[in-house]
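Protein chains in written order, with the working numbering: chain H, 1 to 230; chain U, 1 to 213.
Cβ coordinates follow ideal geometry from the N, Cα and C atoms, glycine included.
As the structure is a prediction and not an experimental result, all values here were calculated from the model.
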Amino acid sequence: MCDPISMIGLALSVGMAYANYAAQEDMANQQQAANDSWVDYQRRQAADFQKRDEALRRNAEAARSASLTELTPEKQKAAQENEEARLDKDLTPEEVANLEKGDPNTLAGKMLSGQEGAGDYAKTNIQAQIQQAAIEARKRIQALAAVQSYGGSQFGLTNRANTILNASGQDIRLAGNERAGELAAYNVAKAVEPIKIVQHGGQSLGAGAAAGAQIAGSGLGNAMASGMSV
Amino acid sequence: MGGKSGPSNNQMVQFQMEQARKAEQKENLRQARLDQGKGAIDELFGPDNFGDEFFNKYKDASLNYALPQLETQYDTAKTGMTADLARAGLLRSSSAGYAQGLMENQNAVQEAGLRAKADTDTSALRQSIASQQQQAYNQLYQTEDPTVAANTAANSAANAQLTQPNTGALGDMFKPIAIGLGSAVAPVYGANAANSYLNPRSPTGSGSMTNTA
Chain H
1 MCDPISMIGL ALSVGMAYAN YAAQEDMANQ QQAANDSWVD YQRRQAADFQ KRDEALRRNA
61 EAARSASLTE LTPEKQKAAQ ENEEARLDKD LTPEEVANLE KGDPNTLAGK MLSGQEGAGD
121 YAKTNIQAQI QQAAIEARKR IQALAAVQSY GGSQFGLTNR ANTILNASGQ DIRLAGNERA
181 GELAAYNVAK AVEPIKIVQH GGQSLGAGAA AGAQIAGSGL GNAMASGMSV
Chain U
1 MGGKSGPSNN QMVQFQMEQA RKAEQKENLR QARLDQGKGA IDELFGPDNF GDEFFNKYKD
61 ASLNYALPQL ETQYDTAKTG MTADLARAGL LRSSSAGYAQ GLMENQNAVQ EAGLRAKADT
121 DTSALRQSIA SQQQQAYNQL YQTEDPTVAA NTAANSAANA QLTQPNTGAL GDMFKPIAIG
181 LGSAVAPVYG ANAANSYLNP RSPTGSGSMT NTA
């Protein structure tokens, strides 16, 4: 029959093996929980990052599309026409506008000293020539206003487009800079590792089970050997 | 007995998470500084300091300097022309109207040119202010310090307020209208008309007038 030492060794081996199994299961469960927690953390970080990044991207996109809206051919054409009208008014001296219209007082004011006594025919002739000169000058001024409105004037197309693109460019730049910062911060969070669970003393349990198994095996071997020798 | 399981790198993971939290906080603060700095720059370069009033003041100053010079030259040329016409005996003639028309045309076009120049100068000032604003933005992004950005913007704004319009003297704005010379206006009026205009009293003698412009 089996000797008691072998029985104890066998029981010890079984007990230790079970304890070892339970410890490993506990470690696996803890690791699973740690992994789940890590995945939750990373998911939260990714979601937060995506949310902030998307908001900033939308800011940039809003700035870009707003500037494009202001730079449509229709709006540019309207802006150019408005600027041309502004310049036409601004560049034309009031007196010239009155002369062009043939304002009698303004025309009379343009007569030279000594011409007061001229005959009506001569006066009319002189004033007609002055008016004609004003009409021709106005045509040149209108052409000047048209040319200026495309480029160099205060609200000409060049300045207007630059102003619009500068403003949107700064909003886009700010959003881009902040997105880069968000990404850098997110990368730090992304580098957070999961917790690693290890078994403390697991080896002694395994060793205990092995020792128990050795004792039981040794006892059983001896018993079998003595039985065979009879 | 032993066999208990537990985290082996808990301290390191906690440290990494703490670093992540700090990075996020730092980024939030950085963004707040950028927003604050951009707001300060936008305000300093905004309509309160650089609105139409500021630019109109510059343009008006430029015109107030240039237009009186033009007016003086106009008055001088007009006086000279009156005397020349009187000497030539053309003061009350259609020829005088022609000369006066030339002068009024020159005056109008020159004034419009000066006004256009004042406008383009003001336009350049606007571009200069916008460029300064860009520089202030650049400094903001380089330093991420709203105070530096605000100071830069304030200095730029102060310097821009000192910008002077062009104060150079105008050149001769009126081309002389020669009165009493040969019939150089023939190409414009045709020979017959020129003769009749230029020499109303004496087709072969004095009393001719021409535009040398």
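For residue i, which residues in the same chain have their Cβ closer than 8 Å to its Cβ, ignoring the five residues on either side in sequence?
i                : result
Arg30 (chain U)  : Glu144
Asn82 (chain H)  : Phe155
Ser8 (chain U)   : none
Ala143 (chain H) : none
Pro187 (chain U) : In this prediction, Pro187 (chain U) has a pLDDT of 44, which is less than 50 and means its spatial position is unreliable; what the coordinates show is noted afterwards. If we look at Pro187 (chain U) and ignore the five residues flanking it on each side, it has no Cβ neighbours.
Excluding the 5 residues flanking residue i on each side, which residues of the same chain have their C-beta closer than 7 Å to its C-beta?
i                : result
Ala99 (chain U)  : Met81, Leu85, Ile177, Ile179, Met209
Ala145 (chain H) : Glu84, Leu87, Asp88, Leu91
Gln16 (chain U)  : none
Anyone know if the C-beta pair for residue i and residue j falls short of 8 Å?
i                : j                : result
Leu67 (chain U)  : Leu102 (chain U) : no
Phe174 (chain U) : Gln69 (chain U)  : no
Glu27 (chain U)  : Glu182 (chain H) : yes
Ser93 (chain U)  : Ala122 (chain H) : yes
Gln45 (chain H)  : Lys190 (chain H) : yes
Leu107 (chain H) : Ala96 (chain U)  : no
Glu71 (chain U)  : Leu99 (chain H)  : no
Ala79 (chain H)  : Leu157 (chain H) : yes
Val188 (chain H) : Ala20 (chain U)  : yes
Ile130 (chain H) : Lys101 (chain H) : no
Tyr141 (chain U) : Asn162 (chain H) : no
Thr37 (chain H)  : Ser168 (chain H) : Per the sequence shown, residue 37 (chain H) should be read as Ser rather than Thr. Contact flag unset, no.
Ala62 (chain H)  : Ala108 (chain U) : no
Arg43 (chain H)  : Ile172 (chain H) : no
Leu91 (chain U)  : Gly119 (chain H) : no
Ala154 (chain U) : Leu44 (chain U)  : yes
Tyr18 (chain H)  : Val192 (chain H) : no
Thr152 (chain U) : Ala136 (chain U) : yes
Ser231 (chain U) : Asn159 (chain H) : No answer is possible for residue 231 (chain U): the residues shown for chain U start at 1 and end at 213.
Gln148 (chain H) : Ala118 (chain U) : no
Asp48 (chain H)  : Arg179 (chain H) : no
Ala34 (chain H)  : Ile195 (chain H) : yes
Thr120 (chain U) : Gly152 (chain H) : yes
Ser5 (chain U)   : Ile8 (chain H)   : no
Ala185 (chain H) : Glu24 (chain U)  : yes
Arg140 (chain H) : Val96 (chain H)  : no
Counting along the chain, where does the alpha helix (DSSP H) carrying residue i start and finish?
i                : result
Lys22 (chain U)  : 10-44
Ile195 (chain H) : Element bounds for Ile195 (chain H): n/a, residue is neither H nor E.
Phe50 (chain U)  : 47-50
The beta strand (DSSP E) with residue i in it runs from where to where?
i                : result
Leu178 (chain U) : It should be noted that the sequence gives Ala, not Leu, for residue 178 (chain U). Element bounds for Ala178 (chain U): 177-179.
Ala7 (chain U)   : Note on identity: in this sequence residue 7 (chain U) is Pro, with Ala being the wrong assignment. From DSSP, the beta strand (DSSP E) with Pro7 (chain U) extends over 4-7.
Leaving out the 5 sequence neighbours to the left and right, which residues in its chain are closer than 6 Å to residue i when beta-carbon positions are compared?
i                : result
Ala175 (chain H) : Leu56, Asn59, Ala60
Ile126 (chain H) : none
Glu70 (chain H)  : Ile164
Gln106 (chain U) : Phe174
Ala191 (chain U) : Bear in mind that the predicted position of Ala191 (chain U) carries a pLDDT of just 43, short of 50, making it unreliable; the figure below should be weighed with that in mind. Closer than 6 Å at Cβ, skipping near neighbours: no residue.
Quick one: which chain B residues come within Cβ less than 8 Å of residue i?
i               : result
Leu87 (chain H) : Among the protein chains of the structure shown, namely H and U, there is no chain B.
**Prompt:** Along the segment 4-15 of chain H, what residues have a CB closer than 9 Å to any CB found in chain U?
**Reply:** Across the segment 4-15 of chain H, no CB contact with chain U closer than 9 Å is found for any residue.
**Request:** Any chance you could list the alpha helix (DSSP H) runs of at least 4 consecutive residues sitting entirely within the segment 85-124 of chain U, in chain order?
**Result:** none
**Prompt:** Along the segment 103-118 of chain U, what residues have a CB closer than 7 Å to any CB found in chain H?
**Reply:** Glu104, Asn105, Ala108, Val109, Glu111, Ala112, Arg115, Ala116
**Request:** Return the chain-ordered ranges of every alpha helix (DSSP H) run that is complete within the segment 148-188 of chain H and spans a minimum of 4 residues.
**Result:** none
**Request:** Give, in chain order, every residue of the segment 4-21 of chain U whose Cβ lies closer than 8 Å to some Cβ of chain H.
**Result:** Lys4, Ser5, Gly6, Pro7, Ser8, Asn9, Asn10, Met12, Val13, Gln16, Met17, Gln19, Ala20
**Item:** Members of the segment 21-41 of chain H near chain U, C-beta cut-off 9 Å
**Value:** Ala22, Ala23, Gln24, Asp26, Met27, Ala28, Asn29, Gln30, Gln31, Ala34, Trp38, Tyr41
**Item:** Where the segment 54-82 of chain H meets chain U: residues whose CB sits under 7 Å from a CB there
**Value:** none
**Message:** Just to confirm the assignment: which complete alpha helix (DSSP H) runs, minimum length 4, are found wholly within the segment 49-122 of chain H?
**Reply:** 73-91, 94-101, 104-109
**Prompt:** Which residues, in order along the segment 66-96 of chain U, keep a beta-carbon less than 8 Å from a beta-carbon of chain H?
**Reply:** Lys78, Met81, Thr82, Leu85, Ala86, Leu91, Arg92, Ser93, Ser94, Ala96
**the segment 29-46 of chain U: positions lying closer than 7 Å to chain H by Cβ** = Arg30, Gln31, Leu34, Lys38
**Asked** Fully enclosed by the segment 1-50 of chain H, which beta strand (DSSP E) runs are 3 residues long or longer?
**Response** none
**Request:** For the segment 104-123 of chain H, enumerate the residues whose C-beta is nearer than 7 Å to any C-beta of chain U, in chain order.
**Result:** Cβ contacts with chain U come from Lys110, Leu112, Ser113, Gly114, Gln115, Ala118, Ala122.
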